[in-house]
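These notes concern the structure reproduced below.
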Amino acid sequence: MRSLPAIVLSALLCLAVQPAAADAIEVPVSSRAITQFTRGSGQRIFGRLEFLGGIAYSSTSPLLGAVSAIRFREDRQNFVSVLDTGHWLTGRVERDAEGRLSGLADVRIRSMFSRDGGDENPKETMDAEGLAIGRGELLASFEGLHRIDAYPDPGFMEARPRRRLPLPIERREIRRNRGMEALAMSPATGPLGAVPVVVTERSLDADGNVFAAVLEGPRAGLFAVRRNDPWDITDGAFLPNGDLLLLERRFRLLDGMGMRIRRIDGDTIRPGAVVDGEVLIDADLRQQIDNMEGLDVVEMAEDDIRIIVVSDDNHSLLQRNLMLEFRLK
């Protein structure tokens with residue numbers, strides 16, 4: 003989902019639609035370390051999170067950008083992302099001698115296959131927003147043509163989706179550009195079990211709450227997330243104990259872009275519930291943020307839970323691709 007300022011900026015700059023990759027190609031990436039979350043300050047603690055570092059990255063390839071979601075593999079280094087231009091992106095994070103993020107390596111991009119086997123599809127039909135790693139498959143949620151498709155894993159880059167999940171929310175309730183933005187897999191040890199959960203960006207019920215759903219398991223069904231205006235949900239991921247983290251974004255003319263992360267008690271997620279939770283961090287343009295759209299949880303050790311967030315630059319010259327890392331305190 004493009005933010006309002008990105009749409010305006012793109013129009014002013016007359017940016018062309020980026021070309022699609024015919025085959026998976028390796029993309030050169032250059033990175034610059036971010037050592038301070040607030041510019042000119044050594045502050046490390048922000049709310050319930052500790053800032054560990056990050057990178058701003060770019061490429062000479064026009065394909066890199068528009069990251070909507072990111073999921074790390076079990077090795078905690080390799081990752082898979084979807085772009086809202088209808089592309090897969092894979093790569094590996096690099097770290098410096100102190101263990102801080104320092105760059106990306108082995109970055110590859112390929113256009114996604116549609117259900118009929120076509121690739122290089124227009125954005126209107128392949129606007130990928132959410133991503134979850136399932137058992138032997140990757141689940142991807144799409145806006146515009148609202149759906150959740152399952153791709154084989156491994157082999158997702160060269161394959162069409164092998165199945166389509168039943169739409170958990172009535173189609174008439176899903177707003178065109180405020181659809182299924184967050185898609186996450188609950189851990190097997192959590193109260194929901196190993197099941198996918200989807201949360202919309204801003205598709206609201208009659209009470210103004212955000213539509214969400216557990217897709218499988220004994221608690222399958224619709225629930226809602228309390229919306230706090232002007233915040234919109236852009237991604238989500240589960241902690242090892244089954245609590246759900248929601249990444250949220252706001253834009254106001256008065257103070258620009260904002261980012262926050264909310265923690266939802268996993269045991270409160272059940273059919274018919276309206277859930278809410280503690281805000282772990284609330285950041286604005288005084289900090290090193292941009293249009294933050296992707297979030298994942300990486301368990302480095304039992305007492306070392308990392309939260310990694312990434313931005314969507316909308317292929318705009320005035321926005322950045324960021325990857326920031328925090329530790330849950």
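Residue numbers 3 to 331, in the numbering used here, belong to the letters of the sequence shown in order.
Virtual Cβ for every residue (Gly too), placed ideally from N, Cα, C.
By the C-beta density criterion, E131 is buried, having at least 16 other C-beta atoms within 10 angstroms. Going by DSSP, R265 is part of the beta strand (DSSP E) stretching over 258-266.
Its Cα nearest to that of L106, the residue V31 stands out among T40, V31, D269.
In this structure, the alpha-carbon of M325 lies about 5 Å from that of G56. Counting C-beta pairs closer than 8 Å gives three or more between the segment 246-264 and the segment 292-303, which meets the contact rule. DSSP places E175 within a helical segment (H, G or I) once states are collapsed to three. Less than 8 Å divides the Cβ of L54 from the Cβ of F328. Distance from the Cα of R221 is smallest, within the candidate group R272, A239, G181, for R272.
Apart from the 5 residues on each side of it in sequence, T127 sits with its Cβ closer than 6 Å to the Cβ of L147 in its chain, given in chain order. DSSP places D108 within a strand segment (E or B) once states are collapsed to three. Per DSSP, M159 lies in no beta strand (DSSP E) segment and is marked neither H nor E. Of the candidates E304, V109, G119, E76, the residue whose Cα lies closest to the Cα of R137 is E76. In the DSSP assignment, E295 falls within the unbroken beta strand (DSSP E) covering 294-303.
In the three-state scheme derived from DSSP, where H, G and I count as helix and E and B as strand, D269 is classed as helix. DSSP, reduced to helix, strand and coil, places D278 outside both helices and strands of the structure shown, so it counts as coil.
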